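The block underneath contains the structure these notes are about, expressed in structure tokens.
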Amino acid sequence: MSFFKNPFNANTRLGMRCSCGQHENQAAHDHAVAVQEMESRAVESAVMHALFPDDNLRRRFLSAVGGATALAAVSSLFPLAAAKEAFAQSTGPLEKQKLKVGFIPITCATPIIMAQPMGFYAKQGLDVEVVKTAGWAVIRDKSLANEYDAAHMLSPMPLAISVGAGSNPIPWTMPAVENINGQAITLALKHKDKRDPKDWKGFKFAVPFDYSMHNYLLRYYLAEHGLDPDRDVQIRAVPPPEMVANMRADNIDGFLAPDPVNQRAVYDGVGFIHILSKEIWAGHPCCAFAASKAFVVQNPNSYRALLKAILEATAYARKPENRKEIAAAIAPTNYLNQPQTVVEQVLTGTYADGLGGVKKDPNRIDFDPFPYQSFAIWILTQMKRWGQIKGDVDYAKVAREVFLATDATRLMKEVGMQPPAQVNKSFSVMGKPFDPSKPQAYLDSFPISRHKG
141 MSFFKNPFNA
151 NTRLGMRCSC
161 GQHENQAAHD
171 HAVAVQEMES
181 RAVESAVMHA
191 LFPDDNLRRR
201 FLSAVGGATA
211 LAAVSSLFPL
221 AAAKEAFAQS
231 TGPLEKQKLK
241 VGFIPITCAT
251 PIIMAQPMGF
261 YAKQGLDVEV
271 VKTAGWAVIR
281 DKSLANEYDA
291 AHMLSPMPLA
301 ISVGAGSNPI
311 PWTMPAVENI
321 NGQAITLALK
331 HKDKRDPKDW
341 KGFKFAVPFD
351 YSMHNYLLRY
361 YLAEHGLDPD
371 RDVQIRAVPP
381 PEMVANMRAD
391 NIDGFLAPDP
401 VNQRAVYDGV
411 GFIHILSKEI
421 WAGHPCCAFA
431 ASKAFVVQNP
441 NSYRALLKAI
451 LEATAYARKP
461 ENRKEIAAAI
471 APTNYLNQPQ
481 TVVEQVLTGT
491 YADGLGGVKK
501 DPNRIDFDPF
511 PYQSFAIWIL
521 TQMKRWGQIK
531 GDVDYAKVAR
541 EVFLATDATR
551 LMKEVGMQPP
561 AQVNKSFSVM
571 GKPFDPSKPQ
581 AYLDSFPISR
591 HKG
């Protein structure tokens, strides 16, 4: 597995941050606090001038009761806190109106794709070209070369880029998860009588990319059934649009793939769905909206508008009653290039399994954008487990710097979504609970692991 080479010590690459953990250093923290205080005073002054336009009257009032008492009295009559928050969230003109956002043609990219034909980008004043891209290596390379302003990425990719698991580290951000669940293990029809993973020794599997949830979930699933994923089977990276053709050509025995690849294998009569990824880990992250830290810093208003458009699209996609409409919008050639019925089966959760049955699971794919930092920590443990990164890793620090929970919280509120109160979320993978505060203990608990040699 060599998408990136020369893994490095993340603990030494990502610099010191401030005491609150939200700024690059203490100086940036102090500057942000000073700006907030200045903005707060500006709002207070504007409100006082609006309520007491006569200068003499305003001065007499302030002199009589004092500034603090005056503000307390005004706050009881006027939503001063709300005014300050609104002022803080106000933005200037877009630094860039025309943007390019790369995507892979899979249903994981639904919010990014649908935001174009359904007008979510235009609502924010953006002219966004969503660019269908051949594979994840191309997405990565075009993003690093600044050919894309932002991109649909696999959720582990911003972590790998940020920790420099290949070349020089480049700070990357992931302010939103694109989808949760939405994957499956699909086997070739010739293996319909081999449903026990213990019978899979010698199988050839495909995953979309080495740094992907698909790779980590497949490896986890195999290892829990006693198979060493590096010695008992072969796992190769294959771009999602090429997976069904490779199964048809008998080049692979199965894949853990994003949809609609799994459903297309069923539709074409070459494979069957063995297990949905949500049965391995219910609610796992899959793909993400990602942008470089440089884009965020240099284009804060455009970044905010872009993220807000995607979050609004995500909120729309969460509602089951909208899924057929969305399927019609994203199925055409310039987007997914799939039969609409294939996309509908994925998004609605009523689907043929390839073995003659029809199943109903409304949570086959869902759209929850919050980038829980515990997700990032789990991903990092698996990168370490399979030898993709070496040395000491400050798991919580990397997670905090890449998975931007603060930005997601603020903008989710703006689009009417309810963000969680905590940046970490409890979950279990195949029945094994994960404690994000003890990543090394979790990593050491696996009998099959490369980090032990």
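So that you can map any letter, position 339 of the sequence shown is 479 in my numbering, and since no number is skipped, the others follow by simple counting. Don't be surprised by glycine CBs; every beta carbon is placed ideally from N, CA and C. Remember, it's a predicted structure, so these values are computed and weren't measured experimentally.
Sorted by chain position, which residues of the same chain lie with C-beta nearer than 8 Å to residue i's C-beta, five sequence neighbours on each side aside?
i           : result
residue 373 : 340, 341, 342, 343, 344, 345, 362 and 367
residue 408 : 384 and 388
On the criterion of 16 or more Cβ atoms from any shown chain inside 10 Å, does residue i qualify as buried, or is it exposed?
i           : result
residue 308 : exposed
residue 400 : buried
residue 232 : exposed
residue 495 : exposed
residue 584 : exposed
residue 578 : exposed
residue 150 : Because residue 150 carries a pLDDT of 35, less than 50, the predicted location of this residue cannot be relied on, and no value is offered for it.
residue 473 : exposed
For residue i, I'd like the list of residues in its chain whose CB is within less than 7 Å of its CB, leaving aside the five on either flank, ordered along the chain.
i           : result
residue 315 : 429, 447, 511, 544, 547 and 548
residue 256 : 268 and 270
residue 162 : A caution first: residue 162 carries a pLDDT of 47, below 50, which makes its placement in the model unreliable, though a value can still be read off. Correct list, in chain order: 546.
residue 335 : 414
residue 563 : 512, 513 and 545
residue 381 : 245
Taking Cβ to Cβ, would you say residue i is nearer than 8 Å to residue j?
i           : j           : result
residue 555 : residue 452 : yes
residue 246 : residue 324 : no
residue 319 : residue 426 : yes
residue 279 : residue 293 : yes
residue 305 : residue 529 : yes
residue 488 : residue 464 : yes
residue 266 : residue 449 : yes
residue 421 : residue 569 : yes
residue 357 : residue 417 : yes
residue 445 : residue 264 : yes
residue 328 : residue 410 : yes
residue 520 : residue 299 : yes
State the Cα-Cα distance for the pair residue i and residue j, rounded to the nearest angstrom.
i           : j           : result
residue 439 : residue 552 : 20 Å
residue 523 : residue 392 : 24 Å
residue 365 : residue 249 : 31 Å
residue 527 : residue 419 : 26 Å
residue 534 : residue 589 : 20 Å
residue 466 : residue 241 : 19 Å
residue 171 : residue 437 : Interpretation of residue 171 is limited by its pLDDT of 43, a score under 50 that renders its predicted location unreliable; no figure is taken from the coordinates.
residue 351 : residue 370 : 15 Å
residue 406 : residue 412 : 6 Å
residue 499 : residue 484 : 13 Å
residue 326 : residue 478 : 18 Å
residue 301 : residue 295 : 11 Å
residue 504 : residue 317 : 16 Å
Give the range of the alpha helix (DSSP H) segment to which residue i is assigned.
i           : result
residue 276 : 276 to 284
residue 326 : Per DSSP, residue 326 belongs to no alpha helix (DSSP H); it is in the beta strand (DSSP E), 323 to 328.
residue 354 : 353 to 364
residue 570 : It is not in any alpha helix (DSSP H) - residue 570 carries neither H nor E in the DSSP assignment.
Which residue comes first and which comes last in the beta strand (DSSP E) that contains residue i?
i           : result
residue 314 : 312 to 317
residue 371 : That residue, residue 371, is in no beta strand (DSSP E); it is neither H nor E in DSSP.
residue 299 : Premise fails: residue 299 lies in the alpha helix (DSSP H), 297 to 302, not in any beta strand (DSSP E).
To which residues of the same chain is residue i closer than 6 Å at the C-beta, ignoring the five residues directly before and after it?
i           : result
residue 383 : 346, 395, 397 and 401
residue 283 : 291
residue 254 : 453, 466, 469 and 470
residue 517 : 535, 539, 576 and 579
residue 423 : 320
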